[in-house]
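Below is one structure, written out as structure tokens; comments come after it.
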Amino acid sequence: MTAQSPARSSGGATVQNFSSALRTTLRRWQFWLLLVVLGVLFAVVVQLLTVEDQERYGLSNTDLDGYAAVAAVLQDEGVDIHHAPTAEIAREHLEQLPDAAVVVLEQGPEASPRLVEELAESMREIVWISPTASTRLSAFEELSPAGAIPASSTTELPEVLETGEACSVAPAERAEAIRAPGQLFTGGTGCFVHDSEEGDSAHALAETRGGLVFGAPEAFTNRHITSEGNAALALGLFGQQQDLIWYTPSGMDSLASDEWASPWDFMPDWVDRLTWWLLICTLLLMLVAGRRHGPVVIEPLPVEVPASESAEGRGRLYQQADAASESARTLRSAHLLRLTRLLRLGPGTPEQHVIAAVATQNGRPPAEIAHALDASAISGNSEMVRYAQGLAALEDEIRIRLGHGPRRGPAVTASRGPQDEKTWDSSRQNETPREETP
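Sequential numbering from 1 applies to the sequence shown in the UniProt record's numbering.
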């Protein structure tokens with residue numbers, strides 16, 4: 001028999017002990033680890049579902065292109081802003097608030113043509129704001145676009161537009177001048193005039209039969225609100241009534257009555273990415289959960305498992321559960337049974353009689369034998385290993401005195417060491433084989 005190298009045996013034991021300790025630690029903390037993972041997933045989902053107002057000219061948008069500053073000042077002045085993202089909501093507000101002023105801010109999706117006509121023919125105070133000056137100019141036949149507000153000849157900033165002599169809008173007169181990029185109009189009367197080199201006159205704020213049309217929505221953003229008289233103009237236009245209906249058209253408003261839109265058209269952009277991410281994660285989870293660990297093994301039933309494999313399996317379960325005391329008690333019971341059979345005491349012999357018989361056989365005090373069999377103080381793996389080695393040594397001592405020879409097993413080999421194993425093997429070669437008494 002070739003003995004293993006002590007260094008290799010020690011290294012293998014170290015790796016096995018580390019793996020066992022790692023598994024034990026993971027089992028002990030698996031609830032808290034799962035709780036942490038669920039908490040992280042919950043935080044990620046909440047972050048994805050929390051939609052901040054990043055819409056351009058949004059009333060809650062605090063970026064440079066938002067209207068958060070104007071909305072906050074209006075609320076401080078006692079103005080209640082009623083946001084209407086669709087034409088249907090706008091109609092509900094119009095019915096509930098007959099004296100409210102109206103702002104129509106069109107920036108992408110076109111407004112409902114029918115609602116535009118209704119508002120243009122109403123007697124309300126209406127301000128039409130459009131980044132591209134395309135706010136249904138057909139409803140204001142006297143207006144036509146006249147290009148963008150030019151930049152100053154000395155700076156790259158937009159030109160300062162003064163009110164003009166023909167202006168009769170009180171908020172514009174109080175503002176005196178504005179500075180912001182935007183659209184100019186010709187036709188009708190208006191304020192914030194720009195005179196071209198050809199002598200043509202255009203204005204950024206136009207008076208029409210359907211209300212005021214303002215072509216420079218950038219003037220009310222957080223970036224430009226403090227320039228010139230932009231803030232005064234905003235407070236004058238939007239703060240005249242206690243209630244203000246703020247209508248921002250959506251894609252659904254431009255659909256005809258017989259047209260249908262997909263719900264995905266109105267979802268935020270991150271919904272598509274989240275959907276694909278969840279789909280990929282689900283497919284990966286299905287793949288991992290349904291994979292097969294190796295080829296299919298066909299084995300006839302019932303399966304006969306050797307007793308040694310059952311014992312080793314039970315030992316691994318005890319080790320994984322860190323149940324050193326339970327393992328020690330199991331070893332104690334097994335050794336007592338074997339000692340009973342060796343001493344031919346018969347089944348059901350009390351423990352005290354077995355201890356007394358062992359003490360008589362090896363000449364040691366019964367108290368010493370009882371102490372060697374005591375498993376109550378075992379609390380760790382190292383103590384359990386020493387306890388097992390002591391039991392194996394005691395049993396071998398009885399077997400040798402009875403002429404059966406020592407048992408061969410992992411516990412015996414571990415207690416002797418490689419050199420003792422060689423010596424014992426060589427001594428066994430000259431012995432006459434004899435049948436072991438069960």
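Positions of the beta carbon are idealized from the N, C-alpha and C atoms, including for glycine.
Outcome for residue i when other beta-carbon atoms lying within 10 angstroms are tallied against a minimum of 16
i           : result
Cys281      : exposed
Arg273      : exposed
Thr154      : exposed
Ala101      : buried
Val213      : buried
residue 486 : Outside the displayed span of the chain (1 to 438) sits residue 486, for which this structure offers no information.
Ala71       : buried
Leu244      : buried
His293      : exposed
Gly363      : exposed
Ser415      : Confidence at Ser415 is low in this model, with a pLDDT of 39, below 50, so its placement is unreliable and no value can be given for it.
Thr163      : buried
Glu88       : exposed
Ala90       : buried
Val288      : exposed
Glu309      : exposed
Val37       : exposed
Glu259      : Because Glu259 carries a pLDDT of 48, less than 50, the predicted location of this residue cannot be relied on, and the following value inherits that uncertainty. Flag for Glu259 reads exposed.
Ile378      : buried
Gly39       : exposed
Leu41       : exposed
Gly313      : exposed
Ala311      : exposed
Gly403      : exposed
Gly346      : exposed
Ile298      : exposed
Ala43       : exposed
Cutoff 7 Å; reference residue i; Cβ partners in own chain excluding five residues on either side
i      : result
Pro171 : Leu233, Gly236, Leu237
Asn381 : Ala324
Leu157 : Ala151, Arg179
Leu205 : Val169, Ala172, Gly190, Cys191, Phe192, Leu212, Phe214
Arg399 : Leu342, Gly405, Pro406, Arg407
Pro85  : Thr248, Ser250
Asp322 : Thr24
Thr349 : Thr340
Arg56  : Asp65, Gln107
Arg291 : none
Gly229 : Ala175, Glu176, Ala177, Ile178
Sheet register partners of residue i (DSSP bridge)
i      : result
Leu161 : Ile178
Ser144 : Thr186
His82  : Ile245
Trp128 : Val104, Val213
Ala151 : Pro158
Proximal residues to residue i (C-beta, below 8 Å), its chain only, five neighbours per side dropped
i      : result
Ser20  : Gln319, Gln320
Asp148 : First, the amino acid is wrong: residue 148 is Ala here, not Asp. Excluding residues within five positions, the ones whose Cβ falls inside 8 Å are Pro181, Gly182, Gln183, Leu184.
Trp29  : none
Leu34  : none
beta-carbon residue i near the ligand NAP non-hydrogen atom, thresh 7 Å
i      : result
Leu105 : As far as ligands go, the structure on display features none, and thus does not contain the ligand NAP.
Close beta carbons around residue i, own chain, < 6 Å, minus the five adjacent residues each side
i      : result
Ser327 : Tyr318, Met384
Thr186 : Ser144, Ala146, Ala202
Ile129 : Leu105, Phe214, Pro217
Glu77  : Gly239
Pro366 : Ile355, Ala356, Ala359
Arg329 : Ala375
Trp246 : Ile81, His83, Val103
When the Cβ atoms of the stretch 369–379 are set against those of the stretch 350–358, are three or more pairs found closer than 8 Å?
yes
Stretch-stretch touch, CB-based, cutoff 8 Å, three pairs: the stretch 220–232 with the stretch 63–73:
yes
Segments assigned beta strand (DSSP E), at least 3 residues, entirely inside the stretch 176–246:
183–186, 189–195, 201–208, 211–214
Contact the stretch 155–169 vs the stretch 120–127: 3+ CB pairs below 8 Å:
no
At least three beta-carbon pairs within less than 8 Å, the stretch 329–348 to the stretch 380–396
yes
What residue ranges within the stretch 296–355 form continuous alpha helix (DSSP H) runs of no fewer than 4 residues, ordered along the chain?
307–320, 324–342
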